[in-house]
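Okay, so here's the structure we're looking at.
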Amino acid sequence: MVWTAEVLDISQSGMSLLCVQMPPGNRGLWVATAGSAAAWSKVILKSFSQPHPGRFVLRLAFAEGCPYDLFRIAVVQPARQSSPVGGEAATGRSQSMGGELLGPNGSVTGA
-10 MVWTAEVLDI
0 SQSGMSLLCV
10 QMPPGNRGLW
20 VATAGSAAAW
30 SKVILKSFSQ
40 PHPGRFVLRL
50 AFAEGCPYDL
60 FRIAVVQPAR
70 QSSPVGGEAA
80 TGRSQSMGGE
90 LLGPNGSVTG
100 A
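In the numbering used here, the protein residues as written are -10 to 100.
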């Protein structure tokens, strides 16, 4: 399964995303940017919250650090990317960027 999300914050060790659907628990999660050649990166769900009905903030840690291409796209090119998740987070500081959460081999599977 693939979901789209909005990047709220990103660092070398993790990121937070705003999405409209929670990924299933106890599964491997991977992130990538929509429409880029950046490789998929394994992430670990550390925590989540539901600031508004039907909107979830996921706090993720990179399993092996943030790949430079993903970080560059999120920081340098956010205005060029679009996201199916509309609006801004409650903080109003977000930058829209298309993103995807995916399990290994194109579907969400057990980690």
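Backbone N, C-alpha and C define an ideal beta-carbon position, used for all residues, glycine too.
Hey, would you say residue i sits closer than 8 Å to residue j, going by beta carbons?
i: residue 60; j: residue 32; result: no
i: residue 23; j: residue 58; result: no
i: residue 5; j: residue -3; result: yes
i: residue 144; j: residue 37; result: Since the first residue shown for the chain is -10 and the last is 100, residue 144 is missing from the structure and cannot be characterised.
i: residue -6; j: residue 8; result: yes
i: residue 13; j: residue -8; result: no
According to DSSP, is residue i part of a helix, a strand, or is it coil?
i: residue 38; result: strand
i: residue 50; result: strand
i: residue 9; result: coil
i: residue -6; result: strand
i: residue 76; result: Because residue 76 sits at a pLDDT of 25, beneath the cut-off of 50, its placement in the model cannot be relied upon, and the point is left open.
If I follow the unbroken alpha helix (DSSP H) through residue i, where does it start and stop?
i: residue 21; result: Premise fails: residue 21 lies in the beta strand (DSSP E), 18 to 22, not in any alpha helix (DSSP H).
i: residue 27; result: Taken as a continuous stretch (DSSP letters only), residue 27 belongs to no alpha helix (DSSP H), as it is neither H nor E.
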